[in-house]
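Let me begin by presenting the structure, written as structure tokens, before commenting on it.
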């Protein structure tokens, strides 16, 4: 069985028709959900591209892998999905975005070069690369945001788009009435059509790459097809740009009470520029329809891909995973972007189709188990029939759920956020190590712990599913807070770095040193069978103890 | 300035005359103490050889480096003192024991071979090796405990000791009246002289190697001279074997109350074979004098080394550190060996001589700051005048204390113990991840947290310096326990894996993406200076939005 691991970027869990969106039809996401399981309580381990993806790809919490924000390199030697899957005989390929930043210093220290297979895999987060494109070819006076080469820009140039950066000037910009670039970076342009042939835009292009890969891939393969959309810039080519409009824009899920006695960290985020933009209805009325259009385009392209899998017979022997690296506030909670832990940000869609007979009973069902994105790495290893190395992988296989079982399961999910590189850190005047947030959610209560001496935040999603009422403003819920802090403490003491010795190896080693002569408890040797001390017995030979010089 | 980092194995903090031992004279340890600072509250991060040393050598807590017990490999890529010092231009050499176990799987995964300089350093915990000998050439029916080559055994053979394993039959055994080997593994033989010329025994041999190294070393060098003694087998050559006797053996520091309502983990350790042996006065009466003899020999050899440093001028330009990887219960608390967190086990001697003028004011003084062994790595980097990379090294430089300052300092020390590979784990019926202990000590209260659902242990060293009365047996000290658990939780949430990005790098990166065109908050672009969006402006060129095919 192959594994097709599809990730979208910044796709909210509730912007799918199978998730209940009132007007956005996503028939192809639904198509996979109808044949698989849709997980309704799936949480990423950090609501930001880089750190979230590093957790997906290592199967480890952010505090365990340390690549805590965008651009923080993943340390050399950290094991990835690719390493785990290759051990089982499955190749692991990348088509698209990882947001991986190579640990150049570590590579140099270990003498690894990117032009060796091993070095390349280290540099590419364990993937073999079919195409690597992180999808954000932003460019300013200091140059490109992404210093890698851009296969997508090269493609556009080969298609005749004459510009230095056609991603910026065509795929992510429209044309205004004066014939000038109307960049998708500006929300006022979100409702304009991107100045590009639809089939040349990013999502179709990456889908073409995915199909090309699949057609030549040697089974068993894992392909990580990793789209940039619907991540900003919020602009999409015709016909998607006006498929939706203000009538499709839901009222923002936000309440004045959220800004009263607001938690200081939430407060500075609510004051940032993107929050200010999304607090405007005119911005939401343009951006959200574009966002929806991008998702609809994703859905159409998913349909192409699924059709191809059907036609080629791959649907029979390929597990399909659809997910996202985090969500998008879109103005909910007075915020834009992601970063914090409300549902629109930290919860993600997760749909898994397992083609095998064992998964028959759960087709089309919904599962509300508390899932962490790091469960996917464990699931893939388990799907290969290999033991999940739980001294390295911190998630748990989802196969039991897919196969209709009810396994012993976790009682809470964890997510983390490091905002030390942001303007919010500067505003709060904090040193980097203090700029860290932890979420613990037990299915009902969601607590955010903030380092730096702040009080926590607490929501009761049973009585307040909109997460408006921060119950940590007073002391009415101190009992719950204490309980959750106890669980968070337990999590903090977890074994996460004992990556070179499995539980099984430890158990097998017990007592081993006795038979290798390590016997530091003998009074006269009669305490153990003679064979254990035989090397320590027998004729002494020369006696050196009679004189200092060894003479007899 | 060079750094001579001398470590003894299993040397108790109180078995030195400068530490107040009533009968054991250690004039050379005292000699260094008289010229330096003796730290009276120095604690190792795990009271067991392997894990303690991995913490010393990485400058990181056990939970951070993961090599939690003897034989658990240190993961490939983990930075070591050697890496940090080489960055500053100082070489870092090993003479003796490290207890390092190579991460063979990780080396293979990264294509590193032990015959390359990089691979060798990875395999040897970051050291360049003058001589590597872990000092425990135990041998049983299943072969040698240590699969490396034994330079010491090779030396003995070259000196005419005819045996397959002269370490076992000569250096660590005597001769009985029948001319048979009287092994030092048996405590009944502890008072016999080892069957070896004193100058050929382990401590003089290693001292010879150290002198040889120093005489040819290129400054600036760091030499880790790492002795196996006074670690068992408890046997020493003449004249040391009868230098001390039962009159020198202090009463065991133990009390019946320690065994009442005993903490389950402490209880199973008190029932193990070595504890049983050390609960016998006849064992203590033989072993402790041998232990003292081994230490006296260490002191005499230290004297040789110091004399050589004086004669060669190296005393003027070499920092000297004397310490141990953990202690030895010797029957205190009804225990033998180490493993647990009472003072005789987890506290170690630490004497530092800094030859520079800045250290003049503290010569011969004593410092009671709460020190962790991981402070040494930070101290060495600081001594090189380099910034201590505190996103990797978790200890703090001791230089301020050596130079007479009173720096902001820690409020508690942490130590950890993983007993998953031991018989105690089997007795308690626990899975490996539950076999973990944590100590937190604030200078007065010492708490041990035990995973696996056990209650903690608590001692008040101000009112109960002997650590007899476990205040966690009842609830009289719940307040202190809660307070310490709060601190332990904080420690559990520390940043330990963000090893690829320093605080300084994070601060320097803030705002950087704006000038690289990442502007996800613009409504119309007027929010930022024009130059930031200039690439996104200008003539659009071909307009593809007019028709699906791109025709005008």
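Residue numbers (UniProt numbering), protein chains in the order written: chain A, 1 to 552; chain B, 1 to 552. Backbone N, C-alpha and C define an ideal beta-carbon position, used for all residues, glycine too.
Starting from residue i, follow the alpha helix (DSSP H) in both directions and report where the run begins and ends.
i                      : result
residue 381 of chain A : 375–383
residue 535 of chain B : Where residue 535 of chain B is concerned, there is no enclosing alpha helix (DSSP H), given that its DSSP letter is neither H nor E.
Do you know how far the Cα of residue j is from the Cα of residue i?
i                      : j                      : result
residue 502 of chain A : residue 391 of chain A : 6 Å
residue 364 of chain B : residue 314 of chain B : 20 Å
residue 215 of chain B : residue 301 of chain B : 17 Å
residue 258 of chain A : residue 323 of chain A : 29 Å
residue 159 of chain B : residue 151 of chain B : 12 Å
residue 67 of chain B  : residue 53 of chain B  : 10 Å
residue 541 of chain B : residue 101 of chain A : 34 Å
residue 80 of chain B  : residue 496 of chain A : 19 Å
residue 413 of chain A : residue 420 of chain B : 27 Å
residue 545 of chain A : residue 538 of chain A : 17 Å
residue 273 of chain B : residue 134 of chain B : 24 Å
residue 516 of chain B : residue 143 of chain A : 5 Å
residue 551 of chain B : residue 179 of chain A : Residue placement at residue 551 of chain B is flagged as unreliable, the pLDDT there being 41, under the threshold of 50; the coordinate-derived value follows with that caveat. Approximately 16 Å between the Cα atoms of the pair.
residue 295 of chain B : residue 229 of chain B : 7 Å
residue 91 of chain A  : residue 371 of chain A : 25 Å
residue 20 of chain B  : residue 373 of chain B : 22 Å
residue 278 of chain B : residue 222 of chain B : 38 Å
residue 184 of chain B : residue 174 of chain B : 7 Å
residue 632 of chain A : residue 474 of chain A : The requested residue 632 of chain A is not part of the displayed model; chain A covers only 1 to 552.
residue 10 of chain B  : residue 55 of chain B  : 16 Å
residue 340 of chain A : residue 451 of chain A : 14 Å
residue 181 of chain B : residue 194 of chain B : 10 Å
residue 443 of chain A : residue 461 of chain A : 8 Å
residue 454 of chain B : residue 202 of chain A : 56 Å
residue 437 of chain B : residue 47 of chain B  : 11 Å
Could you spell out the range, first to last residue, of the beta strand (DSSP E) harbouring residue i?
i                      : result
residue 61 of chain A  : First-last for residue 61 of chain A: undefined, no H or E at that position.
residue 449 of chain A : 445–450
residue 413 of chain B : 413–418
residue 351 of chain A : 350–353
residue 183 of chain B : 181–183
Answer yes or no: does any C-beta atom of chain A fall closer than 8 Å to that of residue i?
i                      : result
residue 570 of chain B : As displayed, chain B neither begins before 1 nor continues past 552, which places residue 570 of chain B out of reach and without an answer.
residue 134 of chain B : no
residue 501 of chain B : yes
residue 65 of chain B  : yes
residue 227 of chain B : no
residue 181 of chain B : yes
residue 39 of chain B  : no
residue 485 of chain B : yes
residue 423 of chain B : yes
residue 58 of chain B  : no
residue 270 of chain B : no
residue 195 of chain B : yes
residue 260 of chain B : no
residue 265 of chain B : no
residue 550 of chain B : Confidence in residue 550 of chain B is poor, its pLDDT being 42 and thus under 50, which makes the residue's placement unreliable; the coordinate value appears in the next sentence. It does; some Cβ of chain A falls within 8 Å.
Comparing the C-beta of residue i with each C-beta of chain B, is any distance below 8 Å?
i                      : result
residue 174 of chain A : yes
residue 377 of chain A : no
residue 125 of chain A : no
I'd like to confirm the pairing. Which residues does DSSP put opposite residue i in its beta bridges?
i                      : result
residue 527 of chain B : DSSP output for residue 527 of chain B lists no bridge partner at all.
residue 7 of chain B   : B:226 and B:323
residue 96 of chain B  : B:132 and B:226
residue 347 of chain A : A:43
residue 457 of chain B : B:448
residue 2 of chain B   : B:318
Residues of chain C with a CB under 7 Å from the CB of residue i: which are they?
i                      : result
residue 186 of chain A : Absence of chain C from the displayed structure is noted, the protein chains being A and B.
With respect to 7 Å, is the separation between the Cβ of residue i and the closest non-hydrogen atom of the ligand FMN below this value?
i                      : result
residue 403 of chain A : This structure simply doesn't include the ligand FMN, nor any ligand for that matter.
Minimum length 4: unbroken alpha helix (DSSP H) runs contained in the stretch 102–162 of chain A: 104–109, 117–123 and 151–158
Any chance you could list the alpha helix (DSSP H) runs of at least 4 consecutive residues sitting entirely within the stretch 218–289 of chain B, in chain order? 264–270 and 273–278
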